[in-house]
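Here's the structure, in structure tokens; my notes come after.
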Amino acid sequence: MSDNIRESPSVSIVHKIERRWAIMMSAIMLILMLTVVFTGLHWAMMPPSRVETIRIASLETNSEFSESNLGSAASKDGSVIVRVLAQQYSFTPQCILLPANTPITFRATSADAIHGMLVTGTNINSMIEPGYISTFKTVFPQPAEHLMPCHEYCGTGHQAMWARVKVIERATFFEMLKRKGANGRLNCVN
Amino acid sequence: MLINKRLVLLHFWLAFASFAVALALGAWQMYVRSPLHPWIKDPEIYYRSVSAHGSTMAYVFPTLVAMALGYAVIELSLKRAIVGVKLAWVGFGAVALGFMLAVIAIGRGTASVLYTFYPPMIGSSIYYIGVVLIVVGSWIWVALMGVNLAIWKRDNPGVPVPLPMFACVASAYLWGWTAVGAAIEITFQIIPVALGWKHNIDAGLARVFYSWTLHAIVYFWLMPAYIAYYTIVPRAIGGRLYSDLMARVSFVMFLVVSMPIGIHHLFADPQVGSGFKFMHSVFTALVAIPTLLTVFTICASVEIAGRLRGGKGVMGWLKALPWGNPMMLAITFSFVMLGFGGAGGLINMSYQLDSTIHNTQWVTGHFHLIFAGAVVIMYFVIAYDLWPQITGRAIADMRLIRVQLWLWFIGIMVLTIPWHLVGIMGMPRRMAYFDYTNGEISSQALPVIVSVIGGVICLFAGLLFIFILVRAHRSTVDLVEDYTFSLPIHRTESVPSALNGFRLWLALMIGLTLFNYGYPIASLIARPDTSVPGIPIGQGH
Chain A
719 MSDNIRESPS
729 VSIVHKIERR
739 WAIMMSAIML
749 ILMLTVVFTG
759 LHWAMMPPSR
769 VETIRIASLE
779 TNSEFSESNL
789 GSAASKDGSV
799 IVRVLAQQYS
809 FTPQCILLPA
819 NTPITFRATS
829 ADAIHGMLVT
839 GTNINSMIEP
849 GYISTFKTVF
859 PQPAEHLMPC
869 HEYCGTGHQA
879 MWARVKVIER
889 ATFFEMLKRK
899 GANGRLNCVN
Chain B
2 MLINKRLVLL
12 HFWLAFASFA
22 VALALGAWQM
32 YVRSPLHPWI
42 KDPEIYYRSV
52 SAHGSTMAYV
62 FPTLVAMALG
72 YAVIELSLKR
82 AIVGVKLAWV
92 GFGAVALGFM
102 LAVIAIGRGT
112 ASVLYTFYPP
122 MIGSSIYYIG
132 VVLIVVGSWI
142 WVALMGVNLA
152 IWKRDNPGVP
162 VPLPMFACVA
172 SAYLWGWTAV
182 GAAIEITFQI
192 IPVALGWKHN
202 IDAGLARVFY
212 SWTLHAIVYF
222 WLMPAYIAYY
232 TIVPRAIGGR
242 LYSDLMARVS
252 FVMFLVVSMP
262 IGIHHLFADP
272 QVGSGFKFMH
282 SVFTALVAIP
292 TLLTVFTICA
302 SVEIAGRLRG
312 GKGVMGWLKA
322 LPWGNPMMLA
332 ITFSFVMLGF
342 GGAGGLINMS
352 YQLDSTIHNT
362 QWVTGHFHLI
372 FAGAVVIMYF
382 VIAYDLWPQI
392 TGRAIADMRL
402 IRVQLWLWFI
412 GIMVLTIPWH
422 LVGIMGMPRR
432 MAYFDYTNGE
442 ISSQALPVIV
452 SVIGGVICLF
462 AGLLFIFILV
472 RAHRSTVDLV
482 EDYTFSLPIH
492 RTESVPSALN
502 GFRLWLALMI
512 GLTLFNYGYP
522 IASLIARPDT
532 SVPGIPIGQG
542 H
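So the protein sequences, as listed, match chains A and B. As numbered in the working numbering, residues 719 to 908 make up the first sequence, in order. As numbered in the working numbering, residues 2 to 542 make up the second sequence, in order.
Printed below as a string of structure tokens:
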């Protein structure tokens with residue numbers, strides 16, 4: 719029996735079929751790669767970000783992430799910038815208030831361990847690491863409420879670290895912000 | 002013939018014993034965080050369990066299986082005794098001691114940092130020293146695999162290295178270099194803080210080092226399964242290996258491309274720029290190629306078995322396959338799970354899609370499907386296949402083995418499919434409990450409960466596996482045939498010298514890793530002010 723096998727399908731046929739498969743598979747992977755490259759460059763669907771660092775020692779007293787500066791603020795170009803500080807085991811603000819149909823820029827960092835955040839029902843998903851600032855942009859299409867859990871193990875209280883994102887009508891949001899004055903910051907509470 | 006039976010046996014037994022305990026912890030974790038159990042009073046216990054489960058399943062169990070298989074393959078494929086048996090025992094001792102230290106530290110609640118470490122959380126130094134010892138012990142095995150290959154090649158100039166040996170050495174070198182990333186992180190970043198010599202640590206840099214290990218370690222877990230696909234399955238089901246050369250190409254491809262892609266674990270991280278994330282995403286696509294080559298070669302080899310058994314026509318050979326043979330069942334289950342898991346993996350590797358599932362339960366579902374499913378089921382049949390060689394007794398009861406494999410397959414599918422689902426629904430991973438009464442979470446309760454059922458089935462199947470092995474030691478059937486590996490359809494007369502050794506591939510492996518990691522690491526080291534104080538975990542307990 720074994721002699722039969724050795725002679726019948728000749729070596730060249732075996733190699734030919736195998737080579738065809740290898741070429742086909744490489745072509746499929748190449749197409750997948752080109753899709754990633756195309757969507758990355760053409761639709762600017764690039765991962766975050768440029769690397770930005772922040773000194774953890776001066777974080778809460780004298781920085782972009784000092785307490786009075788956290789929450790949602792208006793940018794000059796009409797977009798909204800929201801600054802979030804993560805620490806064991808809560809986010810500040812604990813409930814983020816944002817307008818619908820408005821370009822939003824998240825800026826987040828950590829005061830202690832590595833944290834992460836995702837906003838349920840959206841593609842917002844980022845690590846938050848001490849010493850570094852995570853920046854990412856999004857738009858919420860309509861008013862809604864979302865959960866925002868920490869998604870990286872940050873210590874034994876990790877399971878309790880949930881925040882909320884409340885998206886409201888654009889006009890209402892900017893009206894509320896106007897009442898807060900020039901350097902106003904918004905969250906759900908005020 | 003196996004000469005150093007005790008060496009191989011003890012590696013396997015420590016592997017499987019640790020697996021059984023960690024499996025029970027895993028099933029308990031599934032239950033305790035489900036709606037079936039009230040919120041755990043002390044969540045620290047949950048994270049202690051996750052740390053023990055992960056450290057065992059990631060560092061101890063697969064490493065010992067790879068070591069056992071490597072030592073067995075030296076003797077069975079080169080047909081000579083291992084050179085350096087004493088050192089092999091030293092390596093085993095180091096792994097066992099390291100495991101003990103790590104378990105003690107975790108058990109006392111001083112190292113609930115999960116197996117991924119993630120400083121600035123800092124556990125007891127005993128834990129990290131334990132992990133280092135495990136790695137050092139396995140590095141002794143890496144060196145012994147290389148030395149045994151070199152000695153054999155010197156004695157057999159120009160003769161092709163037997164495929165099983167070639168593949169095992171590839172697996173050893175893969176691990177040797179993979180472990181370097183985490184080793185640097187532990188030795189130079191974490192341990193100095195854990196011992197109190199240093200106060201601060203760069204958490205972002207640590208994650209970059211760990212990502213170097215984190216992806217390729219998965220391929221190290223995979224290697225014994227692939228070695229079984231190529232060198233055991235075709236023989237066990239009465240077929241022939243379709244192509245010896247393509248097997249070698251696949252193994253060297255894993256060696257070269259599984260390392261320089263680890264930054265795809267950091268797509269959502271702020272400390273790596275988009276350029277290198279982009280590059281690693283593109284490189285990750287390459288690693289699918291050796292798997293796709295393997296799928297072809299193994300399916301073709303199985304078809305040969307079907308046709309040799311009289312199967313005719315386009316599909317007829319499928320019916321003629323030996324479906325009662327445990328190896329046939331295992332390879333089928335393994336490929337089904339690899340298919341689902343691989344499709345999920347394509348989603349993870351593309352950073353546009355990754356953002357929908359990063360750090361959700363999808364990811365845990367994914368690697369349990371691939372590792373606990375496609376890979377561990379092959380560990381089972383490797384043990385079943387080698388056990389008679391080790392014990393000198395044949396396993397009599399094939400029916401129980403079939404039941405065990407079926408149960409494991411069903412268990413893993415029931416466990417992981419709902420697990421993926423809740424991930425897409427946005428359920429974050431690594432949490433001790435969830436508030437299922439919350440309107441946004443309540444729809445996840447049912448799939449989580451189904452997952453728990455899968456976990457319980459897996460636990461049962463795992464214990465059955467242990468039972469079968471224990472019983473096989475007392476089997477009364479003495480007859481044991483000589484062990485053989487698969488034969489290719491065309492005898493391997495010669496292979497290109499590049500595919501008979503590793504010089505070129507090791508150079509490419511190291512070169513590509515340095516190229517893809519050099520800049521991100523160097524630029525982070527050069528940045529000032531990124532270090533943060535270490536945060537002690539569980540030291541007060």
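A virtual CB, placed ideally from N, CA and C, is assigned to each residue, including glycine.
Under the rule that 16 or more other beta-carbon atoms within 10 Å means buried, what is Thr-188 of chain B, buried or exposed?
Here residue 188 of chain B corresponds to residue number 187 of the second sequence, with the count starting at 1. Exposed is the call here.
Pick from B:Trp-363, B:Pro-121, B:Val-132, B:Ile-123 that is closest to Leu-98 of chain B, judged by C-alpha positions
Indexing the second sequence from 1 puts residue 98 of chain B at position 97. When each option's Cα is compared against that of Leu-98 of chain B, the closest is B:Val-132.
In terms of alpha-carbon separation, which member of B:Gly-374, B:His-54, B:Thr-64 lies closest to Val-9 of chain B?
Along the second sequence, one-based indexing puts residue 9 of chain B at 8. Minimum Cα distance to Val-9 of chain B is reached at B:Thr-64.
Please determine, among B:Leu-387, B:Tyr-116, B:Met-328, the residue with the shortest C-alpha to C-alpha distance to Ala-103 of chain B.
As a first step, residue 103 of chain B is located in the second sequence; it is residue number 102 there, counting from the start. Among B:Leu-387, B:Tyr-116, B:Met-328, the Cα nearest to that of Ala-103 of chain B belongs to B:Tyr-116.
If you drop the 5 nearest sequence neighbours on each side, which residues of the same chain put their C-beta closer than 8 angstroms to that of Val-315 of chain B?
Mapped onto the second sequence, residue 315 of chain B falls at position 314. Excluding sequence neighbours, Val-315 of chain B sits near nothing in its chain.
So, is Gly-276 of chain B buried or exposed, given that buried needs 16 or more other C-beta atoms within 10 angstroms?
Taking the first residue of the second sequence as 1, we reach residue 276 of chain B at position 275. The residue in question, Gly-276 of chain B, is exposed, as its Cβ has fewer than 16 Cβ neighbours within 10 Å.
Bridge partners of Leu-805 of chain A, per DSSP?
Working through the first sequence from its first residue, we reach residue 805 of chain A at position 87. A quick correction: the sequence has Gln, not Leu, at residue 805 of chain A. Beta-bridge pairing links Gln-805 of chain A to A:Ser-808.
Please report how far the alpha carbon of Thr-285 of chain B lies from the alpha carbon of Ser-126 of chain B, in whole angstroms.
One-based indexing of the second sequence puts residue 285 of chain B at position 284. One-based indexing of the second sequence puts residue 126 of chain B at position 125. Near 34 angstroms, if we compare the C-alpha coordinates of Ser-126 of chain B and Thr-285 of chain B.
Rounded separation between Val-250 of chain B and Thr-810 of chain A - CA only
The residue labelled residue 250 of chain B in the question sits at position 249 within the second sequence. The residue labelled residue 810 of chain A in the question sits at position 92 within the first sequence. The straight-line gap from Cα to Cα measures roughly 52 angstroms.
Please return the same chain residues whose Cβ sits closer than 8 angstroms to the Cβ of Met-866 of chain A, not counting the five positions on each side in sequence.
On the first sequence, position 148 is the one that residue 866 of chain A refers to. Once the five neighbours on either side are set aside, the close Cβ partners of Met-866 of chain A are Phe-809, Ile-814, Met-835, Leu-836, Val-837, Thr-838, Trp-880, Ala-881, Arg-882, Val-883.
Starting from the C-beta of Val-162 of chain B, find all residues in its chain whose C-beta is less than 6 angstroms away, skip the five residues before and the five after it, and write them out in chain order.
Reading the second sequence from its first residue, position 161 is the one you call residue 162 of chain B. Around Val-162 of chain B: Asn-501.
Is there a C-beta anywhere in chain B that falls below 8 angstroms from the one on Glu-870 of chain A?
Counted from its first residue, the first sequence places residue 870 of chain A at position 152. Chain B contact via Cβ: present.
Using the beta-carbon of each residue, which ones in chain B are nearer than 9 angstroms to Met-747 of chain A?
Indexing the first sequence from 1 puts residue 747 of chain A at position 29. For Met-747 of chain A, the chain B residues whose Cβ falls inside 9 angstroms of its Cβ are Ala-286, Leu-287, Ala-289, Ile-290, Leu-293, in order along the chain.
How many angstroms separate the CA atom of Arg-528 of chain B from the CA atom of Leu-777 of chain A?
Within the second sequence, residue 528 of chain B is the residue found at index 527, counting from 1. Within the first sequence, residue 777 of chain A is the residue found at index 59, counting from 1. Approximately 17 angstroms, taken between the alpha carbons.
Pick helix, strand or coil for Met-260 of chain B, following the three-state DSSP scheme.
Reading the second sequence from its first residue, position 259 is the one you call residue 260 of chain B. DSSP places Met-260 of chain B in coil when its eight states are reduced to three.
Decide yes or no for the touch test of the region 489-508 of chain B against the region 742-758 of chain A: beta carbon pairs closer than 8 angstroms, at least 3 of them.
no
Closest by C-alpha distance to Ser-282 of chain B, when choosing among B:Ala-306, B:Leu-319, B:Leu-354:
For the purposes of this step, residue 282 of chain B is taken as residue 281 along the second sequence, with counting starting at 1. Among B:Ala-306, B:Leu-319, B:Leu-354, the Cα nearest to that of Ser-282 of chain B is on B:Leu-354.
Taking all protein chains shown into account, decide if Lys-278 of chain B is buried (16 or more other Cβ within 10 angstroms of its Cβ) or exposed.
Counted from its first residue, the second sequence places residue 278 of chain B at position 277. Answer is buried; the Cβ neighbour count reaches 16.
Three-state class that DSSP yields for Leu-865 of chain A in the structure shown
In the first sequence, residue 865 of chain A corresponds to position 147, counting from 1. Per DSSP, reduced to three states, the secondary structure at Leu-865 of chain A is strand.
Taking a cut of 9 angstroms between CB atoms, which residues from the region 228-245 of chain B lie near chain A?
For the region 228-245 of chain B, which is checked against every Cβ of chain A, the residues closer than 9 angstroms are Arg-241, Tyr-243, Ser-244.
Interface residues of chain D facing Gly-205 of chain B [CB-CB closer than 8 angstroms]
Reference to chain D is not applicable here, since the protein chains of this structure are A and B.
Which residues, in chain order, does the region 359-391 of chain B contribute to contact with chain A at a C-beta distance below 9 angstroms?
His-359, Asn-360, Thr-361
If you draw a straight line from the C-alpha of Ile-832 of chain A to the C-alpha of Tyr-119 of chain B, how long is it?
Taking the first sequence and counting its residues from 1, one reaches residue 832 of chain A at position 114. Taking the second sequence and counting its residues from 1, one reaches residue 119 of chain B at position 118. Distance between the alpha carbons of Ile-832 of chain A and Tyr-119 of chain B: 7 angstroms.
Is the number of C-beta pairs between the region 28-37 of chain B and the region 476-485 of chain B that are closer than 8 angstroms three or more?
no
Using a Cβ-Cβ cutoff of less than 7 angstroms, which residues in the same chain neighbour Ile-49 of chain B once the five nearest sequence positions on both sides are dropped?
Stepping through the second sequence from its first residue, residue 49 of chain B is reached at position 48. The question names Ile, but residue 49 of chain B is Arg in the sequence shown. The residues are Ile-107, Gly-110, Ser-113.
Spatial neighbours of Gly-455 of chain B within its chain, please: CB distance less than 6 angstroms, with the 5 preceding and 5 following residues excluded, ordered by chain position.
Position 454 of the second sequence, counting from 1, holds the residue named residue 455 of chain B. Cβ neighbours of Gly-455 of chain B beyond the five flanking positions: Gly-412, Val-415, Leu-416.
Which of helix, strand or coil DSSP assigns to Leu-15 of chain B:
Working through the second sequence from its first residue, we reach residue 15 of chain B at position 14. Leu-15 of chain B falls in the helix class under three-state DSSP.
Please classify Tyr-911 of chain A: does DSSP put it in a helix, a strand, or coil?
Lying outside 719 to 908, the shown extent of chain A, residue 911 of chain A is not represented and no answer is given.
Could you check the C-alpha separation between Val-885 of chain A and Ala-775 of chain A for me, to the nearest Å?
Within the first sequence, the letter at position 167 stands for residue 885 of chain A. Within the first sequence, the letter at position 57 stands for residue 775 of chain A. Computed Cα separation, rounded: 33 angstroms.
Closest to Thr-179 of chain B by CA distance: which of B:Arg-155, B:Lys-154, B:Thr-214 is it?
Here residue 179 of chain B is taken as the residue at index 178 of the second sequence, counted from 1. A check of alpha carbon separations from Thr-179 of chain B across B:Arg-155, B:Lys-154, B:Thr-214 identifies B:Thr-214 as the nearest.
Classify Ser-728 of chain A: buried if its beta carbon has 16 or more other beta carbons within 10 angstroms, exposed otherwise.
Walking along the first sequence from the start, residue 728 of chain A turns up at place 10. The residue in question, Ser-728 of chain A, is exposed, as its Cβ has fewer than 16 Cβ neighbours within 10 Å.
For Arg-888 of chain A versus Pro-817 of chain A, is the C-beta distance shorter than 8 angstroms?
Here residue 888 of chain A refers to the residue found at position 170 when the first sequence is read from its first residue. Here residue 817 of chain A refers to the residue found at position 99 when the first sequence is read from its first residue. Contact flag set, yes.
Unbroken alpha helix (DSSP H) run spanning Ala-826 of chain A, endpoints
Taking the first residue of the first sequence as position 1, residue 826 of chain A is located at position 108. Ala-826 of chain A -> not in any alpha helix (DSSP H); beta strand (DSSP E) instead, spanning 822-828.
Reduced DSSP secondary structure (H/G/I, E/B, other) of Met-432 of chain B
As a working mapping, residue 432 of chain B is identified with position 431 in the second sequence. It is coil, neither helix nor strand.
Give the residues of chain B in contact with Val-885 of chain A, contact being defined as C-beta atoms less than 9 angstroms apart.
Along the first sequence, read from residue 1 onward, the residue named residue 885 of chain A stands at position 167. Chain B residues near Val-885 of chain A: none, gap ~14 angstroms exceeds 9 angstroms.
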